[in-house]
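Q: Numbering (my numbering), first residue to last: 104 to 365.
Before I ask anything, let me first share the structure, which is written out below as structure tokens.
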Amino acid sequence: MVRARAVAPGRLVRVRVGDLPEPLPGLSPDTEILGMKTIRHGKGFIAHYLVPLDVNARPEDLMLIAVDTDTPMTPTGADLRLELKPVEGTTAGCGQILENASGQFLKVREAYKDAFSLGYVEITAGDIRRRQDRGITAVYNWTITGRPAETEQAAEPEKPPVAKPMIVRETKAEVQAIRSMTVRDVEAAAELLAVRDLPVGKQAERRLAELLTSPLALCLVAEVDDALGGVAVAHYDGFHVHLSMIAVDARLDRQGIGRALV
């Protein structure tokens, strides 16, 4: 079982009714339904939807249901699929699949401002698009085929999130004296400076220690899993603030965590 945000659009999934944002009439919360995961691209965001495929008595009642990104879903096996059966004519009703130059679209209903509009789900890409009733070359009815009990596979577990750095400000105010770093911390910072190909050695350690004891300097230390991950030192010269030194552990830098220090 995975979260909706991790399921590819167009996949057939099983969802527990009780995990949906709103209940489905006539179904208990423990009922599992089969549906298609779909998405809609908005301006700067992606909305996630489900089209239930096995709970409607009439195809014309097919509806888009908005779901949360964390809604649990179980992707089905590859053998479970929609089987298309062509019908005569080039006019598609709600619940049918139409084909045009842009693809094959499942025509469904969508609640909109206390009324109903139509949505068009491209069944391969799984995204919802604008009206597609022009240029129709074929219309299909559909059924679900396959052997779900034998072919459904366990979903891969979600990967644990990457730990975010905790920024510790080593000062109470910009104009107050900063606590001196311990020798161990200075050596660790020097090692990180070396990773960044910055000057190291006694001179760099001395310069770093001088900056940290200045009343007009600010040191930011990033800690990840209780380990020193990076340092940045800024000081005020009376007119401008300068970022004098910055260093990030190479392992964290590859994960993009180092950007949090800037």
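Built from N, CA and C at the ideal position, the CB exists for glycine as well.
The model shown is predicted, which means the values in this text are computed figures rather than measured ones.
(1) By Cβ distance below 6 Å, which residues in the same chain neighbour I226 in space, the five residues on each side in sequence not counted?
(2) Considering only their Cβ atoms, is the gap separating V154 from T371 smaller than 7 Å?
(3) Measuring straight from C-alpha to C-alpha, what distance separates L372 and I136?
(4) In whole angstroms, give me the CA-to-CA distance for W245 and G238.
(5) Rounded to the nearest angstrom, how far is the Cβ of A107 from that of M166, given a contact under 8 Å?
(6) Taking only runs that begin and end inside the stretch 118-144, name each unbroken beta strand (DSSP E) of 3 or more residues, in chain order.
(7) Consult DSSP for D164 and reduce its assignment to one of helix, strand or coil.
(8) Cβ of V120 within 7 Å of Cβ of P128?
(9) Can you tell me whether V118 is buried or exposed? The criterion is at least 16 other CB atoms within 10 Å of its CB, across all chains shown.
(10) Across which residues does DSSP place A214 in a beta bridge pair?
(11) With DSSP collapsed to three states, give me the class of R106.
(12) Starting from R184, follow the beta strand (DSSP E) in both directions and report where the run begins and ends.
(13) Less than 7 Å separating the beta-carbons of G229 and P112?
(14) Under three-state DSSP, which class holds G206?
A: So, from the listed chains and residues:
(1) Q207 and L209
(2) Missing from the structure shown is residue 371; the chain here goes from 104 to 365 and no further.
(3) Because residue 372 is not part of the residues shown, which for the chain are 104 to 365, the question remains open.
(4) 20 Å
(5) Contact doesn't hold; Cβ gap of about 17 Å is too wide.
(6) 135-144
(7) Shown here, D164 sits in a helix according to DSSP, grouped into three states.
(8) no
(9) buried
(10) F219
(11) strand
(12) R184 to V190
(13) In this structure, P112 lies closer than 7 Å to G229 by Cβ.
(14) strand
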